[in-house]
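Scroll down for the structure; my scribbles are underneath it.
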Amino acid sequence: MTMEFSVLGPLEVRRDGEPVRFPSGKVRTLLAVLLLRANKVVPVDELVEILWESGAPNPSRARATLHMVVTRLRQALGEPDAVRAASGGYLLDVHPDRLDLHRYRALTAAGRYHEALDLWRGAPLPDVKSDAVHASAIAPLLEDRLGVLEQRVDADLAAGRAVELVAELRELTRDHPLRERFWGQLMLALYRSGRQADALAAYREVRELLDAELGVEPGPALRELHEHILIANPSLAKPRQAVTECSVPRMLPARNPHFVGRSTELAELTAQLPKVGHRKGAPRVVTIAGTAGVGKTTLAVYWANEVAEHFPGGRLYLNLRGFDPTGEPVPPAEAVRTFLDAFEVSPEAIPASFDKQVALYRRILEERAVLIVLDNARDAEQVRPLLPGDSRCFVIVTSRDRLAGLVANEGAHPVPLAMLDPVESTALLTRRLGEDRVSADPAATAELVEHCAGLPLALAIVAARAAINPHFALRGMAAELADGRHRLDYLDAGDPDAGVRNVFSWSHRFLGPAAARLFRLIGLSTAVDTSVPAAAALAGVPVPEAAAALAELTRAHLLFEQHPGRYTTYDLLRRYAAELAAAEEAEPDRDAAVERLLNWFLHTAFGANRWLRQDIRPLTVELLDGVRPLEFGSFDEAVHWFDVECHNLLPAAWDAFHRGWWRYLPALSTNMWLFLNLRYRQSDTIRLCDSAMVAARHLGDLAAESGAMNNLGVVFGRLGRFDEAIGHLTGALALGERAEDPRNTRIALNNLGMAYNAVGRADLALDCLTRALEICRAQEVRTGEAVLMDTLATVHRALGERERAVECLEQALRLNLDNDDLYSVGINLANLGRLHHELGRTAAATDALERALELSRSLSDRHNEALALAWLGDVLDGSGDVTGACQHWRAALAIFKELDAPETRELGVRLLAHAPVQVSTG
Numbered sequence: 008m009t010m011e012f013s014v015l016g017p018l019e020v021r022r023d024g025e026p027v028r029f030p031s032g033k034v035r036t037l038l039a040v041l042l043l044r045a046n047k048v049v050p051v052d053e054l055v056e057i058l059w060e061s062g063a064p065n066p067s068r069a070r071a072t073l074h075m076v077v078t079r080l081r082q083a084l085g086e087p088d089a090v091r092a093a094s095g096g097y098l099l100d101v102h103p104d105r106l107d108l109h110r111y112r113a114l115t116a117a118g119r120y121h122e123a124l125d126l127w128r129g130a131p132l133p134d135v136k137s138d139a140v141h142a143s144a145i146a147p148l149l150e151d152r153l154g155v156l157e158q159r160v161d162a163d164l165a166a167g168r169a170v171e172l173v174a175e176l177r178e179l180t181r182d183h184p185l186r187e188r189f190w191g192q193l194m195l196a197l198y199r200s201g202r203q204a205d206a207l208a209a210y211r212e213v214r215e216l217l218d219a220e221l222g223v224e225p226g227p228a229l230r231e232l233h234e235h236i237l238i239a240n241p242s243l244a245k246p247r248q249a250v251t252e253c254s255v256p257r258m259l260p261a262r263n264p265h266f267v268g269r270s271t272e273l274a275e276l277t278a279q280l281p282k283v284g285h286r287k288g289a290p291r292v293v294t295i296a297g298t299a300g301v302g303k304t305t306l307a308v309y310w311a312n313e314v315a316e317h318f319p320g321g322r323l324y325l326n327l328r329g330f331d332p333t334g335e336p337v338p339p340a341e342a343v344r345t346f347l348d349a350f351e352v353s354p355e356a357i358p359a360s361f362d363k364q365v366a367l368y369r370r371i372l373e374e375r376a377v378l379i380v381l382d383n384a385r386d387a388e389q390v391r392p393l394l395p396g397d398s399r400c401f402v403i404v405t406s407r408d409r410l411a412g413l414v415a416n417e418g419a420h421p422v423p424l425a426m427l428d429p430v431e432s433t434a435l436l437t438r439r440l441g442e443d444r445v446s447a448d449p450a451a452t453a454e455l456v457e458h459c460a461g462l463p464l465a466l467a468i469v470a471a472r473a474a475i476n477p478h479f480a481l482r483g484m485a486a487e488l489a490d491g492r493h494r495l496d497y498l499d500a501g502d503p504d505a506g507v508r509n510v511f512s513w514s515h516r517f518l519g520p521a522a523a524r525l526f527r528l529i530g531l532s533t534a535v536d537t538s539v540p541a542a543a544a545l546a547g548v549p550v551p552e553a554a555a556a557l558a559e560l561t562r563a564h565l566l567f568e569q570h571p572g573r574y575t576t577y578d579l580l581r582r583y584a585a586e587l588a589a590a591e592e593a594e595p596d597r598d599a600a601v602e603r604l605l606n607w608f609l610h611t612a613f614g615a616n617r618w619l620r621q622d623i624r625p626l627t628v629e630l631l632d633g634v635r636p637l638e639f640g641s642f643d644e645a646v647h648w649f650d651v652e653c654h655n656l657l658p659a660a661w662d663a664f665h666r667g668w669w670r671y672l673p674a675l676s677t678n679m680w681l682f683l684n685l686r687y688r689q690s691d692t693i694r695l696c697d698s699a700m701v702a703a704r705h706l707g708d709l710a711a712e713s714g715a716m717n718n719l720g721v722v723f724g725r726l727g728r729f730d731e732a733i734g735h736l737t738g739a740l741a742l743g744e745r746a747e748d749p750r751n752t753r754i755a756l757n758n759l760g761m762a763y764n765a766v767g768r769a770d771l772a773l774d775c776l777t778r779a780l781e782i783c784r785a786q787e788v789r790t791g792e793a794v795l796m797d798t799l800a801t802v803h804r805a806l807g808e809r810e811r812a813v814e815c816l817e818q819a820l821r822l823n824l825d826n827d828d829l830y831s832v833g834i835n836l837a838n839l840g841r842l843h844h845e846l847g848r849t850a851a852a853t854d855a856l857e858r859a860l861e862l863s864r865s866l867s868d869r870h871n872e873a874l875a876l877a878w879l880g881d882v883l884d885g886s887g888d889v890t891g892a893c894q895h896w897r898a899a900l901a902i903f904k905e906l907d908a909p910e911t912r913e914l915g916v917r918l919l920a921h922a923p924v925q926v927s928t929g
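Convert by adding 7 to the 1-based position in the sequence shown; the result is the number in the numbering used here.
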């Protein structure tokens, strides 16, 4: 799904090309603010001030209300992760190509003023009713547009378009009479059009205007221009004409006969063509960047040959040798001279100085449509002198470096090149080996494709080996590749320029020491991807140093930024990094790096968990040197961190288990349990709790074993496995009492009470809960008391004492609101709504359940969201609205199925009774 945003005119959002309708008011204003500062954090306090310009009606609840507005915006966008909570505020992740304001700024920076101004559709955001937004952002944006317009006129004057500009400048001076630069441009345009008298008259007009309006004389620049026009200074003459008589170079290499796939990238390259060959302007520059061996040159040369006829002015090609194993990168001076020779410029016509050679090269290109392929560039600095000026040229640059400078400053369009997908990989093998050989053993072919990880170079080496040895069975080759420890050895082509390991090494040898070390250490990590702070912990360096190293690795395409601030790499590169680490890092240093990362995960998880529930045990695992855990400013930030790191936290826990680092596991289990429960990831929770129990027994830590056993019992209860739940919770209670640990004891009693109630033993449940409540009140643990009151409400409901249950829930709700425990508030509201419905209080039930639904959605508590939907369906059914009830039940059932929750079958049966043709409980 592709989202595109426009703010240079009325606010527009398009999803896959189709307009998205947005509500007016605060949601629209919030979107506008986040777009105007896209990819940057806007502080919560600032957002509150903008959205409630006359003052928030209840400042103490303003943050919660803002959260609801953010939730509505996420729902309208249809992308829950688009608006992220971070560093005490919110930010909207937008790709630079998907926001017209970003494109405008990039085009402006590249000097492509016509294209930049063409993006404007009128005054910015007239449909956003906010004085604060208009004062702080829109007014400066309008001023910036005028500045760009002035620069565009300067460029047009330099290009010799004086006559065409006169009428436009007359209008601009009428619209902006006090803007002296437009008057100066008008005077120069008139003068260059042969109208010296009119130019002098324009000066008199602006002088009289400034005197009448402001009582001042024109500024120094305008006065100096007036003097030059009076004496017909030669410096005001028209710009020099371009060189036109040269040969037509045809330097493209032949295309690779085995080229396959890349349909998306080919289409993206071709999509740039319509912008070339119309009016002359800044050249279109495209960068093709990717890791070693991914096929950048193959793609560039193939496409260039496909579209060569679009460029009658010639086709230039040069290998810049930016990552050459045997030599140094081609100096820009040598490259420019090569291209001048390609145009057959006579030696005596080539200036001696480099700057003048570049100027001559650009004059030759100025009136020509030339395709320029700059292959294997080292960096943006090597490329810049080779870019044309205003022309009808098209430039393709390939590099292992991301060339971010060309994208940011020259407005280059990036085409990142990833690995081939399995279908494309199979097609490449088929093209090289023939359909018969590949189709004879599709399973072996699939294994070869998997082991080569989509790297075209690796696939080409395997295909070449198979082609040279036609008697080799693909099954045997796949078996050799299956041994990951020796995979890079197998992919050594016997040619120092072609083996995978050697090709990777060309990128590695250009790295600085810090980046090279971080690359090696990433090969040791079990993390799927790495954030900047995590990388800092892994390397034991400050965050800025880690960020710089990651940026260098990304530029070299040894890592890639999968999401903003999150870096990963490919399997073959990870194996190469691990090889380097084993060879160059001592074993104690390797272990220390892995433990630093694990320590960072644990301490950051602890900080995040404190936002989910405040009554958690302090950590007993000390903070290691060089580890700086993250801090969080809100519940949203904490949950978001868990969401993005969970796929790294769990492998880190399994790795700790296999290494025997027992002290980490109980702490990780405790601090991940509530999040995993929130996300209903029960199988992961069971495995983690089991690991924590084993670790606690190794440590002889009764309290830790009690905590893990208690958490495991709760999971079994949620899954409806009550015998197992009661068994584990009884064990947890016994361990808590043996350890003389009142916290674990009361928690086990509470959860045991819930389990007993679920199996119809309300008497045992009340006994457990009464004992737990005594412990809570003796220790003044208000968070624990709130949990117990919710559980007591469930028991009283089971006993038919619904009014008593309501009292318990209202008390729990007050305690949780005081504790800012929004997760528990959502659960309380849902339970309270169900009770009100059972007591016949339809309005109160609807209000509580709708509040529970909105809060659960904002917290991404999917299970409680489904419960609220199901119980709202019950309320509607009781009111006679069967259609509305079924709609709510279907929505709840979809979530229960997604979570594999035990409520699925019961709700499915209920729906079948009402609408048998509309649901399946499969």
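Quick reminder that beta carbons are idealized off the backbone N, C-alpha and C, glycines included.
Keep in mind it's a predicted model, so treat the numbers as computed, not measured.
What residues are listed by DSSP as bridge partners for Ser-406? Ala-296 and Ala-384
Where Arg-257 falls, given that 16 or more other Cβ within 10 Å makes a residue buried: exposed
According to DSSP, simplified to helix, strand and coil, what is Met-10? strand
Determine the contact status of Thr-798 and Gly-833, defining contact as a CB-CB distance below 7 Å. no
What's the call for Gln-389, buried or exposed, on a 16-neighbour Cβ count within 10 Å? buried
Does the Cβ of Thr-692 have 16 or more other Cβ atoms within 10 Å, making it buried, or fewer, making it exposed? buried
For Leu-656, is the beta carbon positioned less than 6 Å from some heavy atom of the ligand NAP? Looking at this structure, you won't find the ligand NAP or any other ligand, since it has none at all.
For Ala-660, which residues in the same chain have their Cβ closer than 7 Å to its Cβ, ignoring the five residues on either side in sequence? Leu-672, Leu-675, Leu-695 and Ser-698
Mind listing, in chain order, the continuous beta strand (DSSP E) runs of no fewer than 3 residues lying wholly within the stretch 888–922? none
Using CA coordinates, which residue listed in Arg-516, Gly-724, Pro-30 and Asp-536 is at the minimum distance from Asn-757? Gly-724
Between the stretch 159–175 and the stretch 120–131, do at least 3 Cβ pairs fall closer than 8 Å? yes
Going by DSSP in three states, Gly-724 sits in which element: helix, strand or coil? helix
Three-state secondary structure assigned by DSSP to Gln-279: coil
How is Leu-197 classed by DSSP in three states: helix, strand or coil? helix
What do you reckon, are the CB atoms on Gly-743 and Asn-751 nearer than 7 Å? yes
Within 7 Å, strictly: CB atoms of Ser-143 and Val-170: no
Secondary structure, alpha helix (DSSP H): runs of 4+ residues fully inside the stretch 538–567: 539–546 and 550–562
Looking at the secondary structure, which residues open and close the alpha helix (DSSP H) in which Arg-869 lies? 869–885
Quick check: the stretch 772–780 against the stretch 816–835, are there 3 or more CB pairs under 8 Å? no
Can you tell me whether DSSP reads Val-422 as helix, strand or coil? strand
Nearest by alpha-carbon distance to Lys-136: which of Thr-36, Arg-70 and Pro-147 is it? Thr-36
Buried or exposed: where does Lys-33 fall if 16 or more other Cβ atoms within 10 Å of its Cβ makes it buried? buried
State buried or exposed for Gln-621, treating a residue as buried only when at least 16 other CB atoms are found within 10 Å of its CB. exposed
Rounded to the nearest angstrom, what separates Leu-413 and Leu-879 at their Cα positions? 55 Å
What separation, rounded to the nearest whole angstrom, lies between the Cα atoms of Glu-157 and Arg-369? 24 Å
Which of helix, strand or coil DSSP assigns to Leu-605: helix
Assigned secondary structure, Leu-462 (DSSP; H/G/I helix, E/B strand, else coil): coil
Could you compute how far the alpha carbon of Glu-814 sits from the alpha carbon of Phe-664? 45 Å
Can you find at least 3 beta carbon pairs, one from the stretch 268–281 and one from the stretch 214–227, that sit closer than 8 Å? no
What do you get for Glu-810, buried or exposed, if any count of 16 or more other CB atoms within 10 angstroms of its CB means buried? exposed
In angstroms, rounded to a whole number, what distance separates the CA positions of Thr-251 and Arg-375? With a pLDDT of 40 at Thr-251, under the threshold of 50, the predicted position of this residue should be treated as unreliable, though the coordinate-derived value follows. Distance between the alpha carbons of Thr-251 and Arg-375 is about 8 Å.
First through last residue of the alpha helix (DSSP H) which encompasses Thr-433: 429–440
Which residues does DSSP list as the beta-bridge partners of Arg-573? Ser-538 and His-570
In three-state terms, what does DSSP make of Ile-379? strand
Under DSSP, the beta strand (DSSP E) around Gly-96 begins and ends at which residues? 96–99
Among Thr-677, Thr-9 and Arg-105, whose alpha-carbon lies nearest the alpha-carbon of Gly-85? Thr-9
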